[in-house]
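Residue numbers (this note's numbering): 2 to 605. Even for Gly, the Cβ is constructed at its ideal location relative to N, Cα and C. This structure is a prediction, so every number in the text was calculated from the model and none was measured.
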Amino acid sequence: MPTDITLAGQGYMVVPGSYARAHDGLAEGRAGRVSQRDFFGGQHRAIQLERDRGWDSPGVGPALGGQGVEPWPNVTAFIDTVLPAPGVLPSNRRPSVQCAGFTFVAAGSVLYKSAGVTNPTWLGFTSFATMPAGPITDLATYQGKVVCLLGSAGEIRLVDPVSAAITIMLAGARGKFGVGYARRLVWSDANTGQTDTLRMLTGPTPAQDSRELDSDIMAMSLFEGRVAIATKSSLYLLGGRVNPTTGLWTTDPEPLFSGGFTAAENDFAFLLSYGGRLYTWLHNQVMEYRPTGDRQGWRAAGIEGRRCLGACVAGGLLIVAIISRAEDSELWAWDGQGWWCLLSTPEGAAGAMRCWPAHLGGAGDRDLVVFRGGATTYDLYRLVWRTKALNTYRDSGSYTTSLLDAGERDKPKAWRKVGAVFAAPDPRGNVASTDTLAQMTLLYSVDGGATFITAAQINQTSPTQRLIEVDAAVLSDVATSRFIQLRVTWATVTDWAPVLVGLWAEYELFETPARRRRWEMQVRARDAATRRDGTPEPRSGRQLATDLWAAWEAGTTLQFADIDHESTATTYAVRIVGLRETVAKPADAGRWGESTISLVLVEV
Numbered sequence: 002m003p004t005d006i007t008l009a010g011q012g013y014m015v016v017p018g019s020y021a022r023a024h025d026g027l028a029e030g031r032a033g034r035v036s037q038r039d040f041f042g043g044q045h046r047a048i049q050l051e052r053d054r055g056w057d058s059p060g061v062g063p064a065l066g067g068q069g070v071e072p073w074p075n076v077t078a079f080i081d082t083v084l085p086a087p088g089v090l091p092s093n094r095r096p097s098v099q100c101a102g103f104t105f106v107a108a109g110s111v112l113y114k115s116a117g118v119t120n121p122t123w124l125g126f127t128s129f130a131t132m133p134a135g136p137i138t139d140l141a142t143y144q145g146k147v148v149c150l151l152g153s154a155g156e157i158r159l160v161d162p163v164s165a166a167i168t169i170m171l172a173g174a175r176g177k178f179g180v181g182y183a184r185r186l187v188w189s190d191a192n193t194g195q196t197d198t199l200r201m202l203t204g205p206t207p208a209q210d211s212r213e214l215d216s217d218i219m220a221m222s223l224f225e226g227r228v229a230i231a232t233k234s235s236l237y238l239l240g241g242r243v244n245p246t247t248g249l250w251t252t253d254p255e256p257l258f259s260g261g262f263t264a265a266e267n268d269f270a271f272l273l274s275y276g277g278r279l280y281t282w283l284h285n286q287v288m289e290y291r292p293t294g295d296r297q298g299w300r301a302a303g304i305e306g307r308r309c310l311g312a313c314v315a316g317g318l319l320i321v322a323i324i325s326r327a328e329d330s331e332l333w334a335w336d337g338q339g340w341w342c343l344l345s346t347p348e349g350a351a352g353a354m355r356c357w358p359a360h361l362g363g364a365g366d367r368d369l370v371v372f373r374g375g376a377t378t379y380d381l382y383r384l385v386w387r388t389k390a391l392n393t394y395r396d397s398g399s400y401t402t403s404l405l406d407a408g409e410r411d412k413p414k415a416w417r418k419v420g421a422v423f424a425a426p427d428p429r430g431n432v433a434s435t436d437t438l439a440q441m442t443l444l445y446s447v448d449g450g451a452t453f454i455t456a457a458q459i460n461q462t463s464p465t466q467r468l469i470e471v472d473a474a475v476l477s478d479v480a481t482s483r484f485i486q487l488r489v490t491w492a493t494v495t496d497w498a499p500v501l502v503g504l505w506a507e508y509e510l511f512e513t514p515a516r517r518r519r520w521e522m523q524v525r526a527r528d529a530a531t532r533r534d535g536t537p538e539p540r541s542g543r544q545l546a547t548d549l550w551a552a553w554e555a556g557t558t559l560q561f562a563d564i565d566h567e568s569t570a571t572t573y574a575v576r577i578v579g580l581r582e583t584v585a586k587p588a589d590a591g592r593w594g595e596s597t598i599s600l601v602l603v604e605v
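Right, dumping it as structure tokens:
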């Protein structure tokens, strides 16, 4: 090659000492930190979006108004020798209701009764009343009595909650679902050919009134002072009262929602009012209805799965039992702001499927009972703090963040350090506890949670210590990825535990721009220049400069042969991104072509 470089087929000589070749783009290795400092939004966020939500973390709940988390809730297993083991099919639904200070649960054709809500000791359920037919499909209350609905198998029965006396509510009245409302009973007709009919008990003459709906009734509940009725294709609200003159119901059901669908078997597995909103299970997910506001109407509430095994409201929370997409048994609590995982049991574990949660109202100082499919053992939960001894601490738990990407999901990172902060402005547990050890472990994962590596372990021995900080370096040879997950676990907890208020990770960001070269050099444009091979340059200095300015002005991609072209035989496609011409003696510029041109090229 007769010249130092060739650009667009023309050769140029480079000013000695001016040539430089480098990569184009930002330097790699920028340092940064990603953190989570709030926990108000709960869990079930796969990749970090909000600052206050994490991933599924069984055994922890909100503390300090959502600014931290701690082991929660307290749970104990109880073996009941009276109550039979439940099934986990929709037809095995185990309805429950509270009446006269007791919790009543139906299993088959038998009604079972708990201890009173003021009894501090849990003794199990007792067999209370047996129906002449079954199974009991739903329970309700009506004028101080327990209502047992038997489907098409038998007439609706009323059970005295104290004496267990059983009476037929109304001759010929059969129902599948029912709700006590305005000192009356509203129920779905279970007689053959009448399953789309809603009936209201009105008085002695006539004894009942009815309204025909669009399809079979699937569930009923109370909502905003009215009765919510879910059919296979719609949702209705029924208000009103009995007209004392005519003995008939004064209003018709008001259509609230029509989905344009036919409900599947597990749809409307529950229908519950909570926090001024209506919740149900529809299309394999929890749905929420908001009657007012910017987001009025139905929306997905955030929990989905293959099947729902019941729900209830207990301890100020909405409790939902599901079978997840992975076939795990999961129990979730909704506090109006976020979901909290109470339990996640892997597929195939013996007695694993939790089902048919029921509100206990404080019986045995417990708020919730959750049954186990195919087992006589069930779980008793304390969701509300009572005393230092009757606390809500779980013996172990863990909190796992979402996949953290520091807001730059497309770029790999070298994770360098991780840490956790525990803090509380006052003692949270029993400061006089005889338990002198709480174990916390900090772990991290760089493979999407498939494996976690222990970074640090803390053995806290004093329940009065309010501030704890821990950090640890990360193994640099394994911790390179776009995401990181952090996890804190608690163990050996009895009546106190440090509150986790923050998690963080430090990293170096690897920029990943397109791999391209950049050249900076000066080209001498003068008359009678001598080229590399000793031959004279045929173009004048003015022509050399004019050719470069024309190539820049065209803005096209040019072929460029570098100074090492003879050894590499490589030609690059480049663009001129910088051009600057300097003239030492401007007065001679018209007579002599004598200038120096600074040239910047970028590979494309």
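Per DSSP, what kind of secondary structure is P3 in: helix, strand or coil? coil
Helix, strand or coil: how does DSSP classify W491 here? strand
Counting C-beta neighbours from all protein chains within 10 Å, is the total for L112 16 or more, i.e. buried, or is it exposed? buried
Quick check: what's the CA-CA separation for Y237 versus Y394? 41 Å
Less than 8 Å separating the beta-carbons of A1 and V118? Since the first and last residues shown for the chain are 2 and 605, residue 1 lies out of range.
Is the distance from the Cβ of L150 to the Cβ of D139 below 8 Å? yes
Starting from G503, trace the beta strand (DSSP E) both ways and give me its first and last residue. L501 to L510
Within its chain, find whatever has a CB closer than 6 Å to the CB of A424; leave out the 5 residues flanking it on each side and keep chain order. L468 and V502
Can you check DSSP and say which residues form a bridge with G579? V601
For the stretch 356-390, list the beta strand (DSSP E) runs that are entirely contained and at least 3 residues long, ordered along the chain. 369-373 and 378-383
What number of angstroms, rounded off, separates the C-alpha of Q440 from the C-alpha of T465? 15 Å
Mind checking which residues open and close the alpha helix (DSSP H) that includes A555? G542 to A555
Buried or exposed: which applies to K586, given that a residue is buried once 16 or more other Cβ atoms fall within 10 Å of its Cβ? exposed
Please state whether DSSP places E409 in a helix, a strand or coil. coil
Ordered list of beta strand (DSSP E) runs contained in the stretch 138-167, each at least 3 residues: 139-143, 146-150 and 158-160
Taking 7 Å as the cut-off, is the C-beta of Y445 nearer than that to any heavy atom in the ligand MG? Only the bare structure without any ligand can be found here, which leaves the ligand MG out of the picture.
Just the Cα atoms here: how many angstroms apart are L444 and T455? 4 Å
What are the start and end residues of the alpha helix (DSSP H) that includes T569? H566 to T569
Compute the distance between the beta-carbons of K177 and G152, then report whether it is under 8 Å. yes
Beta-ladder partner(s) of I24, from DSSP: Note on residue identity: the sequence assigns His, not Ile, to residue 24. BP columns for H24 point to R518.
Just to confirm before moving on: does the CB-CB distance between T377 and D81 stay below 8 Å? yes
Decide if Q486 is buried, meaning its Cβ has at least 16 other Cβ atoms within 10 Å, or exposed. buried
For S97, count neighbouring C-beta atoms within 10 Å of its own C-beta (all shown protein chains included) and say buried if the count is 16 or more, exposed if not. buried
If we count the other Cβ atoms within 10 Å of its Cβ and call it buried at 16 or more, is P74 buried or exposed? buried
Assumed close pair G55, Q44 - CB separation to whole angstroms, cut-off 8 Å: 5 Å
Look at the alpha carbon of G294 and the alpha carbon of T122, and state the distance between them as a whole number of angstroms. 44 Å
So for P428, helix, strand or coil by DSSP? coil
I'd like to confirm the pairing. Which residues does DSSP put opposite N75 in its beta bridges? R383
State the Cα-Cα distance for the pair C356 and R516, rounded to the nearest angstrom. 56 Å
Contact set for G145: own chain, Cβ-Cβ below 8 Å, skip 5 residues either direction: C100, A101 and P162
Within 10 Å of its beta-carbon, does R392 have 16 or more other beta-carbons around it, so buried, or fewer, so exposed? Inspection of the sequence shows that residue 392 is occupied by Asn rather than by Arg. So N392 counts as buried.
If you draw a straight line from the alpha carbon of F40 to that of G66, how long is it in whole angstroms? 9 Å
Give me, in chain order, the residues of the same chain whose beta-carbon lies closer than 8 Å to that of S234; leave out the 5 immediate sequence neighbours on both sides. D215, S216, S259, G260, G261, F262, T263 and A264
When you compare the CB positions of Y601 and V578, do they come within less than 8 Å of one another, or not? For the record, residue 601 in the displayed sequence is Val; it is not Tyr. Going by C-beta atoms, V601 is nearer than 8 Å to V578.
Between the beta-carbon of T252 and the beta-carbon of G241, is there less than 8 Å? yes
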